[in-house]
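**Student:** Can you keep this structure in mind? I'll have questions shortly.
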Amino acid sequence: METILKGLAVNNELCGIYTNDGDPHKFSVGYVLDLDDTFFLFERIDPYGTADGLMCVPIDNVFNVEIRTEYLLDVRRLFMYNEQKRYQKIENDDDVVYALLRFAIENEKICAIELNDSGCEDCVGYINEAEDDTVHVALVGEHGEPDGEAFIDIDRISAVCCDSVDQRKIEILNRIKTGER
């Protein structure tokens with residue numbers, strides 16, 4: 000699949016990517032932005048044509064890729080109709096997870112981090128620091144309330160999602176509750 004993903008990134012082609020063995024009918028729509036030896040960086044678009052953040056997922060999790068389907072063409076039409084903007088190029092030093100974490104730090108975006116292939120959002124919050132082998136997260140609860148801190152071993156990260164619709168909701172609630180409008 001690595002060759003297919005590289006081609007999608009080079010050609011900037013909208014695609015549907017299946018990564019969930021537990022639900023083989025579920026997929027994400029968007030653009031492959033970059034990849035390294037292990038992960039790929041994906042710009043997501045929801046079914047209504049709204050930008051739905053960025054995610055890093057292991058290349059090995061991909062089991063099906065679709066392009067040029069009627070569904071994908073409709074999502075692109077809705078994206079254009081909604082006048083959505085694509086993300087600017089994210090600088091990558093051959094590590095897309097670090098690149099996404101740096102993006103989150105620089106843009107003060109909330110991330111959801113999955114650890115050890117749990118299938119869950121194990122840590123949700125603002126990335127304070129991503130250095131060497133540790134990621135420092137200021138945790139934020141689902142209702143936007145501060146919820147402590149976490150220090151994560153970066154090698155245990157199995158997926159990262161940043162700036163999704165759900166995370167933007169939490170971010171807004173957090174700003175309202177902490178007075179940082």
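Oh and the sequence shown: position 27 is 26 in numbering that gives the first Met the number 0, straight run, nothing missing.
Cβ coordinates follow ideal geometry from the N, Cα and C atoms, glycine included.
Remember, it's a predicted structure, so these values are computed and weren't measured experimentally.
1) Please report the distance separating the alpha-carbon of cysteine 161 from that of proline 23.
2) For the 8 Å Cβ check, are there 3 or more pairs between the region 83 to 103 and the region 57 to 74?
3) If I'm right that leucine 77 touches glycine 48 with Cβ under 8 Å, what's the distance once you round it to whole angstroms?
4) Do you know offhand how far aspartate 132's Cα is from tyrosine 80's?
5) Would a C-beta distance cut-off of 7 Å place valine 74 and threonine 18 closer than the cut-off?
6) If you draw a straight line from the C-alpha of lysine 168 to the C-alpha of cysteine 110, how long is it?
7) Could you have a look at phenylalanine 102 and say whether DSSP puts it in helix, strand or coil?
8) Could you tell me the alpha carbon to alpha carbon distance between isoleucine 175 and cysteine 119, rounded to whole angstroms?
9) For the alpha helix (DSSP H) that contains aspartate 152, what are its first and last residues?
10) Which residues in the same chain as histidine 142 place their Cβ atom closer than 7 Å to its Cβ, once the five residues preceding and following it in sequence are excluded?
11) Please list the terminal residues of the continuous beta strand (DSSP E) segment that includes threonine 133.
12) Would you list the one or two residues that DSSP bridges to asparagine 63?
13) Return the chain-ordered list of same chain residues with a C-beta closer than 6 Å to the C-beta of glutamate 170, the five sequence neighbours on each side being excluded.
**Tutor:** Concretely, from the data shown:
1) Answer to the nearest angstrom: the Cα atoms are 23 Å apart.
2) no
3) 2 Å
4) When the Cα atoms are used, aspartate 132 and tyrosine 80 turn out to be separated by approximately 42 Å.
5) no
6) 12 Å
7) helix
8) Cα-Cα distance, rounded: 26 Å.
9) Premise fails: aspartate 152 lies in the beta strand (DSSP E), 145 to 152, not in any alpha helix (DSSP H).
10) Leu172
11) 133 to 139
12) Tyr17
13) Ile109
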